[in-house]
Amino acid sequence: MSRRQLPLLLAVLAALAALLVPTAASAGSALRTELNEIEGEVMCPVCGTLLELAESPQATREKAFIEKLVKQGQSKDEIKEALVAQYGDAVLAEPKGSGFSLSAYVVPIVAFIVAVILLAFAVWKWRRAAGSGDERKPEVEGPSDEDRRRLDDDLARYDL
Amino acid sequence: MRARSVIAVLIAVALVGFLVYGLVSKGNSRLAVGEKAPSPELPKLGEPGQGSLKEYRGKWVLVNFWASWCVPCRDEAPALTTFQGEHDGQNFTVVGIDTQDISDDGAKFAKEFGLTYPLLHDGNGDNGHEFGTTGVPENYLLEPSGKLAWDVAGPVDAKMLEEHVAPLLPPAKKNS
Numbered sequence: 109m110s111r112r113q114l115p116l117l118l119a120v121l122a123a124l125a126a127l128l129v130p131t132a133a134s135a136g137s138a139l140r141t142e143l144n145e146i147e148g149e150v151m152c153p154v155c156g157t158l159l160e161l162a163e164s165p166q167a168t169r170e171k172a173f174i175e176k177l178v179k180q181g182q183s184k185d186e187i188k189e190a191l192v193a194q195y196g197d198a199v200l201a202e203p204k205g206s207g208f209s210l211s212a213y214v215v216p217i218v219a220f221i222v223a224v225i226l227l228a229f230a231v232w233k234w235r236r237a238a239g240s241g242d243e244r245k246p247e248v249e250g251p252s253d254e255d256r257r258r259l260d261d262d263l264a265r266y267d268l
Numbered sequence: 373m374r375a376r377s378v379i380a381v382l383i384a385v386a387l388v389g390f391l392v393y394g395l396v397s398k399g400n401s402r403l404a405v406g407e408k409a410p411s412p413e414l415p416k417l418g419e420p421g422q423g424s425l426k427e428y429r430g431k432w433v434l435v436n437f438w439a440s441w442c443v444p445c446r447d448e449a450p451a452l453t454t455f456q457g458e459h460d461g462q463n464f465t466v467v468g469i470d471t472q473d474i475s476d477d478g479a480k481f482a483k484e485f486g487l488t489y490p491l492l493h494d495g496n497g498d499n500g501h502e503f504g505t506t507g508v509p510e511n512y513l514l515e516p517s518g519k520l521a522w523d524v525a526g527p528v529d530a531k532m533l534e535e536h537v538a539p540l541l542p543p544a545k546k547n548s
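Respectively, the protein sequence lines represent chains A and Y. The number in the numbering used here is simply the position in the first sequence, starting from 1, with 108 added. The number in the numbering used here is simply the position in the second sequence, starting from 1, with 372 added.
#1: Can you name the residues of chain A whose CB is closer than 8 Å to the CB of Asn496 of chain Y?
#2: Can you check whether the C-beta of Trp441 of chain Y is within less than 9 Å of a C-beta belonging to chain A?
#3: Excluding the five sequence neighbours on either side, which residues of its own chain have a C-beta within less than 6 Å of the C-beta of Ser411 of chain Y, listed in chain order?
#4: Please say whether Phe455 of chain Y and Val508 of chain Y have beta carbons closer to each other than 9 Å?
#5: Please state the DSSP three-state secondary structure of Leu403 of chain Y.
#6: Give a yes or no on whether 9 Å exceeds the smallest Cβ distance from Asp529 of chain Y to chain A.
#7: Which word fits Phe527 of chain Y, buried or exposed, when buried means at least 16 other C-beta atoms lie within 10 angstroms of its C-beta?
#8: By the DSSP assignment, the beta strand (DSSP E) with Glu510 of chain Y in it spans what residues?
#9: Helix, strand or coil for Gly468 of chain Y? Go by DSSP, reduced to three states.
#10: Quick check: is the beta carbon of Asp473 of chain Y nearer than 9 Å to any beta carbon in chain A?
#11: Suppose contacts are defined by Cβ-Cβ distances below 9 Å. Is Leu533 of chain Y in contact with Leu403 of chain Y by that definition?
#12: Considering just the uninterrupted stretch of the beta strand (DSSP E) at Leu520 of chain Y, what are its terminal residues?
#13: Please return the same chain residues whose Cβ sits closer than 8 Å to the Cβ of Phe229 of chain A, not counting the five positions on each side in sequence.
#14: May I ask whether a heavy atom of the ligand SAH can be found less than 8 Å away from the beta carbon of Gln462 of chain Y?
#15: Please classify Tyr355 of chain Y as buried or exposed, where buried requires at least 16 other C-beta atoms within 10 Å of its C-beta.
#16: Can you tell me whether DSSP reads Val150 of chain A as helix, strand or coil?
#17: Keeping to the same chain, check which residues put their C-beta closer than 6 Å to that of Val405 of chain Y; ignore five residues upstream and five downstream.
#18: Let's test the definition: count the other Cβ atoms within 10 Å of the Cβ of Val466 of chain Y and tell me whether it reaches 16, buried, or not, exposed.
#19: Please report how far the alpha carbon of Leu414 of chain Y lies from the alpha carbon of Pro203 of chain A, in whole angstroms.
#20: Which complete beta strand (DSSP E) runs does the stretch 406 to 440 of chain Y hold, if anything under 3 residues is left out?
#21: Cβ closer than 9 Å: which chain A residues qualify as neighbours of Asp477 of chain Y?
#22: Name, please, each residue of chain Y whose Cβ falls closer than 8 Å to the Cβ of Pro216 of chain A.
#23: In angstroms with no decimal places, state the Cα-to-Cα distance between Glu249 of chain A and Leu227 of chain A.
#24: What residues of chain B sit near Pro165 of chain A, judged by a beta carbon separation below 8 Å?
#25: Do you know whose CA, among Y:Cys442, Y:Trp441 and Y:Val435, lies nearest Thr453 of chain Y's CA?
#26: Who are Leu492 of chain Y's beta bridge partners in DSSP?
#27: Nearest CA to the CA of Val537 of chain Y: which residue from Y:Asp494, Y:Gly421, Y:Ala380 and Y:Asp460?
Dropping the structure here:
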């Protein structure tokens with residue numbers, strides 16, 4: 109290697125080092141982000157709140173458990189599965205999309221559809237009643253022959 | 373019109389029924405003295421397999437709900453271990469139920485305090501809720517028939533165990 113090539117080689121090494129430093133830093137932050145993400149999606153079973161909001165002794169142990177699994181390189185789903193194995197389904201902040209838990213998603217949708225149908229039916233009935241009301245004949249009939257005759261007599265008497 | 377009123381009343385009654393059911397089922401009704409204790413299958417702590425309080429029918433059982441993260445549980449553990457050692461031969465056992473806890477943490481706790489009695493793991497706390505527990509530790513003494521004889525919502529100590537539990541136990545069988 110010539111003396112001319114040495115600065116070039118150093119420059120290349122420095123550039124590689126500069127590239128590697130942010131990569132290592134981002135790897136660290138990715139680990140942290142994953143831990144934070146999980147804390148926001150699971151519950152502290154004893155406190156009944158999201159784990160990220162809980163500071164009870166049980167929550168502390170649960171966080172330590174998650175941290176251990178994150179360090180082992182487990183994925184978010186694997187960690188959630190491990191938490192379910194320890195604490196049951198109730199540890200998940202969002203219910204599972206299967207079995208009885210599915211009702212948490214289905215019931216509001218069904219209730220909304222039923223409400224819309226009932227509302228549409230009520231509006232249709234109301235409009236129908238209002239429409240037929242215009243066509244209906246007035247229930248008040250005109251004066252009877254007797255009344256008409258009396259009215260004519262009265263008008264004649266006053267000479268209007 | 374009358375049919376509509378009946379349907380409206382039925383819907384209202386059903387809604388009120390659901391609300392009442394929701395409130396009743398959510399509420400923790402504590403196991404009363406004389407009531408039979410729930411005994412579902414639970415994983416054994418620190419070893420493979422399942423266990424149940426049913427296995428101890430015919431024995432006096434002190435069911436101790438605990439967790440490794442619970443400070444009062446640490447305080448009462450030595451008293452329970454000692455009491456188990458002293459009354460083991462009197463048709464009696466303590467059964468520890470590690471509740472809402474990481475099983476590895478529970479197993480470490482058991483090792484640390486040298487717990488010699490059977491241990492089960494109630495991870496989601498459902499078994500504790502069936503007893504009506506509101507926290508840990510809680511202790512329930514079951515008769516050999518599985519009915520509740522005495523309970524305390526909190527930790528026990530040696531004095532309490534001697535005063536409330538020991539007098540109920542049958543005398544130890546003498547080895548001839």
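By construction, the Cβ of each residue, glycine as well, lies at the ideal position given by its N, Cα and C atoms.
On the basis of the data shown:
#1: Pro153, Tyr195, Gly196, Asp197, Ala198 and Val199
#2: yes
#3: Once the five neighbours on either side are set aside, the close Cβ partners of Ser411 of chain Y are Ser424, Leu425 and Lys426.
#4: Their beta carbons are not under 9 Å apart, which means Val508 of chain Y does not touch Phe455 of chain Y by this criterion.
#5: coil
#6: Not an interface residue.
#7: The residue asked about is misnamed: residue 527 of chain Y is Pro in this sequence, not Phe. Counting Cβ neighbours within 10 Å, Pro527 of chain Y comes out buried, since at least 16 surround it.
#8: Looking at the DSSP string, the run of the beta strand (DSSP E) that includes Glu510 of chain Y is Glu510 to Leu514.
#9: strand
#10: For Asp473 of chain Y, the answer is yes, since a Cβ of chain A falls inside 9 Å of its Cβ.
#11: no
#12: Leu520 to Val524
#13: none
#14: In the structure shown, the ligand SAH is absent, as is every other ligand, since no ligand is present at all.
#15: The shown model of chain Y, from 373 to 548, leaves out residue 355 of chain Y, and the question about it has no answer.
#16: DSSP, reduced to helix, strand and coil, places Val150 of chain A within a strand of the structure shown.
#17: Leu520
#18: buried
#19: Spanning the two alpha carbons is a distance of roughly 23 Å.
#20: 432 to 438
#21: Arg169, Ala172 and Phe173
#22: Under the 8 Å cutoff, chain Y gives no residues; its nearest Cβ is about 15 Å from Pro216 of chain A.
#23: 37 Å
#24: Although the question refers to chain B, the structure presented lacks it and instead comprises the protein chains A and Y.
#25: Y:Val435
#26: Y:Lys416 and Y:Ile469
#27: Y:Asp460
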